[in-house]
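Input: a single structure, listed below in structure tokens.
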Amino acid sequence: MLNLQNINWKKISMIAGFIFICVALAFALYFLFFKPAPSPTPAEEKIPLGQLPGAVEGEQPGAVEQETPEPVKKGEVTKSITKIAPEVAPKGADEIANGGITKVTTLSYEKTDKLMLDGSGNNALTYNPDTGKFNVINPDGTVTPLFDKIYKDVKDVAVAPQKDKVILEFPDSSNVLFDIKQNKQISLPKDWTNFSFNPTGSSIGFKDMNANKDYRYLGIANADGSNQKYLEYMGEDARDFKIDWSPNGKMIAQYKTGNNATSSKLFFLGQYDENFRSITVDGYSLETKWTPDGSKLMYSSQNAYSEHKPLLHLVDASGDNIGYNHHDLKLYTWANKCAFANATTMYCGVPKELPYGAGLVPAIADKTPDYIYKVDLETGIKSFVAEPEGDYTIDQIQVAGDESNLYFTDKQSGTLHAIKLK
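At position 28 of the sequence shown (counting the first as 1) the number is 28 in full-length UniProt numbering, and the numbers step up by one without a gap.
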């Protein structure tokens, strides 16, 4: 039989008290930290007696709320390009480029293999390999032959700055100089190629691509081929040389060579064995263009920093300043998609999008439409000029000297088009 006198009531009460305190603490912790806050009760709308509730403004059934993008100021370059949603009806295209969708005028449906500017600097000068004609085409579409002779299927063309001489390279390696003023044709050696005129049009630079690699040289001569002079041995490295006479007449060619994994070296060659400074360029796959005054060099290149996309750069390239003021222009496109209106203004076709590695395989962008940007080379300011009406991929581009029109050929068709700039 249980003897209640032998039970330790003091110990039992202490254990019970301890259990009670633990339970109380557990409940306190739950109410303080874990119990969800009660949902607020919406206030009831008071409705006068005898009246029905009024209509409440709400969303249309099935409507999807769209995020409204921040407005972009005219001329502002944004990090990403905003595209017009396909379900939004676009406004009419602007007649004159003003930072939006802009009307494109087709000046010629014939294939344009070579696009230049005529002697005035304001009209397009074209060569059509199918018809064999050189034509001057005005902004209104008026066509005037540059000369009457016909040269079909020319592989490459070099035109003197004065537009009074042309050198024609044919697929069979024959070369012809045609003097327009004198209406005179002269044959040049078959081994010569990659011609470039000096600023006055009196001399030419060329590569002598002799069948024997040991006799391949870079040279110069009078425009008619006389007084030839070899300047630099090329050998097996001929493709690393570019004949491109600078506008100031001092540099005839460029030579590029590897430097390290992210950069390469660019050397300049003159006709008097000058020791010009070299330029370390950022990347590879180099394309270069001189500014019209010859003071700077604009180029595109790619490396890991640019995600192997072509990135534009600008650098001083004259006298003691060669290599100074070297910076990128924050535009991903190729130098050959750019043209100068003057020494301080450049226009470029910039692909709407470029994938990683586009600089290694440019053909990736052959069907990608372009936007048009304007670059102030003194300040570096970039302005969004136009989105051409229709999906055009710019191949060749020229800008009238008075900046009235921008001419370009389409990569797919080779046809000639124009956009009014003012």
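Beta carbons are placed, not taken as given, at the ideal position from N, Cα and C, and that holds for glycine.
Going by beta-carbon coordinates alone, are residue i and residue j separated by less than 9 Å?
{"i": "N98", "j": "A386", "result": "yes"}
{"i": "E232", "j": "L269", "result": "yes"}
{"i": "G201", "j": "R216", "result": "no"}
{"i": "V315", "j": "Y299", "result": "yes"}
{"i": "D395", "j": "T379", "result": "no"}
{"i": "T144", "j": "V157", "result": "no"}
{"i": "N405", "j": "L421", "result": "yes"}
{"i": "Q412", "j": "L115", "result": "no"}
{"i": "T280", "j": "N259", "result": "yes"}
{"i": "V375", "j": "L329", "result": "yes"}
{"i": "N198", "j": "I252", "result": "yes"}
{"i": "S174", "j": "K184", "result": "no"}
{"i": "T257", "j": "D240", "result": "yes"}
{"i": "F134", "j": "V166", "result": "yes"}
{"i": "P369", "j": "G294", "result": "no"}
Out of the options, point me to the one whose CA is closest to residue i's CA.
{"i": "M346", "options": "E353, K352, G390, K337", "result": "K337"}
{"i": "G401", "options": "N194, I381, D118", "result": "D118"}
{"i": "G132", "options": "G349, F267, G359, I150", "result": "I150"}
{"i": "K382", "options": "G414, S120, D366, T344", "result": "T344"}
{"i": "F384", "options": "G357, D366, C348", "result": "C348"}
Taking buried to mean at least 16 other C-beta atoms within 10 Å of its own C-beta, is residue i buried or exposed?
{"i": "P355", "result": "exposed"}
{"i": "Y272", "result": "exposed"}
{"i": "V104", "result": "buried"}
{"i": "S108", "result": "buried"}
{"i": "K181", "result": "exposed"}
{"i": "P171", "result": "exposed"}
{"i": "D214", "result": "exposed"}
{"i": "V361", "result": "exposed"}
{"i": "H327", "result": "exposed"}
{"i": "N123", "result": "buried"}
{"i": "A418", "result": "buried"}
{"i": "G242", "result": "Looking at the sequence shown, residue 242 is not Gly but Lys. Buried: at least 16 other Cβ atoms inside 10 Å."}
Which of the three DSSP states, helix, strand or coil, is assigned to residue i?
{"i": "L284", "result": "It is worth fixing the name first, because residue 284 is Tyr in this sequence and not Leu. The answer is strand: DSSP assigns Y284 an E or B state."}
{"i": "S173", "result": "coil"}
{"i": "E387", "result": "strand"}
{"i": "D395", "result": "strand"}
{"i": "E236", "result": "helix"}
{"i": "A124", "result": "strand"}
{"i": "K337", "result": "helix"}
{"i": "A418", "result": "strand"}
{"i": "A253", "result": "strand"}
{"i": "K352", "result": "coil"}
{"i": "I186", "result": "strand"}
Note down, in chain order, each residue of its chain lying with its Cβ closer than 8 Å to the Cβ of residue i, except the 5 sequence neighbours on either side.
{"i": "P129", "result": "K111, D113, K152, D153, V154"}
{"i": "V350", "result": "L331, Y332, T333, K337, D370, Y371, I372, Y373"}
In chain order, what residues of the same chain have a beta carbon less than 6 Å from the beta carbon of residue i, not counting five sequence neighbours either side?
{"i": "N303", "result": "T262, G283"}
Among the residues of its own chain, which have a CB less than 7 Å from the CB of residue i, if the five just before and after it don't count?
{"i": "T102", "result": "A93, D94, A386, E387, P388, E389, I419"}
{"i": "G219", "result": "F206, D208, Q228, K229, Y230, L231"}
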